[in-house]
Structure formats: structure tokens, C-alpha cells
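This is the structure:
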């Protein structure tokens, strides 16, 4: 066992200090405590435009070009946005974000790397297809429903 592991981490999220337009402001969670207490320009990366919007094509290309050559062993993706006004459509509304998270992760992980993706429900065909892609890409996939998650979540 190697006990001298030196962890190197990077984080990407919507930048709470960026003036977002109406298309992204609904996605923004107005809580900056974790960023505020860990802010480090080398660790937190808000993309080429400083918005942190991973749905922006320029940011997608930037993240892939920056991280693709690094030996990234683990990527976590837990993106979502406020769907309180339309909770029954959450899966369909969040799908474009999930698809982008998967694309960026698969573009940046090393071979045999690990990917953790947060999903809410898995009823729509596009979500099932995304899971199938992950099944075909990774040697093993596991699905868990945390005991602390809401009963209304599948």
C-alpha cells in the first residue's frame, strides 16, 4: 500500500460571482460557501468565459483541452438545477446537462478511470440510452439509491 498519496483535485461549477443571463440563472444554486472557503484559481475552474456553464460549447472544448492530457482517475458529476416549478419533467429537463457531463468525463478520464454520475430518475429512453453507453464504456457500473435520498426519487 502506498500511504504517500498526494491528492490533486479540480472543481467545476456555475460561477456564483458571474453575472449569468436568464438562460443560466435558473440553474444557479445561490450558495457559495464551499467555493468561498476553498477558492483557489488553480483548483476551481469556471471555463473560458468564467461562467462555469458546462453547457457552453466553448467551455466544453476548453475543459476537454485542459484536462484530457492529465491522468484523471476520478470524475464526479452531480449537476442539476431548480425544477420546483416542473418536477415531473426533471429527467427530461436535466438530460442535456447529464449528456454533457458524460461527454466531458469520457473525454477526460484515463483508461479504466472512474466516473460517478448523479441521476434522479431513469424512466426516459434517453436516460436509459445514456446508462447503456456507460455500461458499454466501463468494465463495471453500479447503481445506488442513498438511504438519505427522498422517497419520491426513483
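Numbering (full-length UniProt numbering), first residue to last: 1 to 154.
Even for Gly, the Cβ is constructed at its ideal location relative to N, Cα and C.
Practice task
Report the three-state DSSP secondary structure of residue 116 (helix, strand or coil).
Solution key: As a first step, residue 116 must be located in the chain shown, where it is residue number 116. DSSP places residue 116 in the strand class (E or B) of the three-state scheme.
Handout entry: residue 63 to residue 50 span [Cα, whole Å]
Key = Counting from one through the chain shown, the residue named residue 63 turns up at place 63. Counting from one through the chain shown, the residue named residue 50 turns up at place 50. One C-alpha to the other measures close to 12 Å.
Practice task
Evaluate residue 12 with the Cβ neighbour count: other Cβ atoms within 10 Å of its Cβ, from every protein chain shown; 16 or more gives buried, anything less gives exposed.
Solution key: Here residue 12 refers to the residue found at position 12 when the chain shown is read from its first residue. Looking at its Cβ environment, which holds 16 or more other Cβ atoms inside 10 Å, residue 12 is buried.
Problem - Every unbroken beta strand (DSSP E) inside the segment 29-101 [3 residues or more] - result: You should have 72-77.
Practice task
With DSSP as the reference, label residue 111 as helix, strand or coil.
Solution key: Numbered from 1 along the chain shown, position 111 holds the residue referred to as residue 111. Reduced to three states, the DSSP call for residue 111 is strand.
Problem - Option in 120, 4 and 139 with minimal Cα separation from residue 89 - result: Counted from its first residue, the chain shown places residue 89 at position 89. Shortest Cα-Cα distance from residue 89 to any of 120, 4 and 139 involves 120.
Handout entry: Close Cβ partners of residue 78 (< 6 Å) along its chain, the five nearest in sequence each way excluded
Key = As a first step, residue 78 must be located in the chain shown, where it is residue number 78. Excluding sequence neighbours, residue 78 sits near 118.
Handout entry: Element boundaries [alpha helix (DSSP H), containing residue 136]
Key = One-based indexing of the chain shown puts residue 136 at position 136. Segment 125-137, the alpha helix (DSSP H) holding residue 136.
Practice task
Check whether the Cβ atoms of residue 60 and residue 100 lie closer than 8 Å to each other.
Solution key: On the chain shown, position 60 is the one that residue 60 refers to. On the chain shown, position 100 is the one that residue 100 refers to. A contact, by the Cβ cut-off of 8 Å.
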